[in-house]
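Remarks on the structure that follows.
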Amino acid sequence: MDYNNEIKKLKAIGIKFDEVNVRECLRINARRNSIKECIEIAKELGLDLGKDATKSSVAMIAINYSKIAGCHKEAMLDVNNRQCSLTINAMKDNDIFVEILYALGEAVDRTR
Numbered sequence: 001m002d003y004n005n006e007i008k009k010l011k012a013i014g015i016k017f018d019e020v021n022v023r024e025c026l027r028i029n030a031r032r033n034s035i036k037e038c039i040e041i042a043k044e045l046g047l048d049l050g051k052d053a054t055k056s057s058v059a060m061i062a063i064n065y066s067k068i069a070g071c072h073k074e075a076m077l078d079v080n081n082r083q084c085s086l087t088i089n090a091m092k093d094n095d096i097f098v099e100i101l102y103a104l105g106e107a108v109d110r111t112r
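Numbering (the UniProt record's numbering), first residue to last: 1 to 112.
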């Protein structure tokens, strides 16, 4: 997503805001959208979202979502089939893995 373009659009219609905060909110929203799309891809492929390996695959694809244009399903299957315990454990320490837990309802953020 082109954050600068989105900010210009908002300014053009007269909305005033803190640009740094807006950029961060747009980045977080884009990340959440890519996580949701990757979860849907995993479901379509019949992958078990109860397994950490699948969640790790979802995280890897979500992190690289914009770089994979057009072949998300193939990438998801490839990553899921090639994972080892080191990869899974590394991804579990990533913030995006935690976001996946929230998206799946496996974690509760009491600050939201």
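Cβ atoms here follow ideal geometry from the backbone N, Cα and C, with glycine treated the same way.
Note that the structure is a prediction, hence the values are computed from the model and not measured.
Review point. With a cut-off of 8 Å, do at least 3 Cβ pairs link the region 58-76 to the region 92-103?
Key: Contact between the region 58-76 and the region 92-103 is present, because at least three Cβ pairs lie under 8 Å.
Practice item. Given a cut-off of 7 Å, decide if Ala90 and Ile35 are closer than it, judged by their beta-carbon atoms. Key: No, the Cβ-Cβ distance between Ile35 and Ala90 is not below 7 Å.
Check your understanding: Just checking, does the region 38-49 make contact with the region 75-92 on the three C-beta pairs under 8 Å criterion?
Key -> Yes, since at least three Cβ pairs between the region 38-49 and the region 75-92 fall closer than 8 Å, the two stretches touch.
Check your understanding: Going straight from the alpha carbon of Gly14 to that of Ile28, what length do you get?
Key -> If I take the Cα positions, the gap works out to 23 Å.
Check your understanding: Rounded to the nearest angstrom, how far is the Cβ of Ser66 from that of Lys92, given a contact under 8 Å?
Key -> Between Ser66 and Lys92 the beta-carbon gap is near 23 Å, outside 8 Å, which marks them as no contact.
Review point. Cβ of Val22 within 7 Å of Cβ of Ile7?
Key: Taking a C-beta distance under 7 Å as the contact criterion, Val22 and Ile7 qualify as a contact pair.
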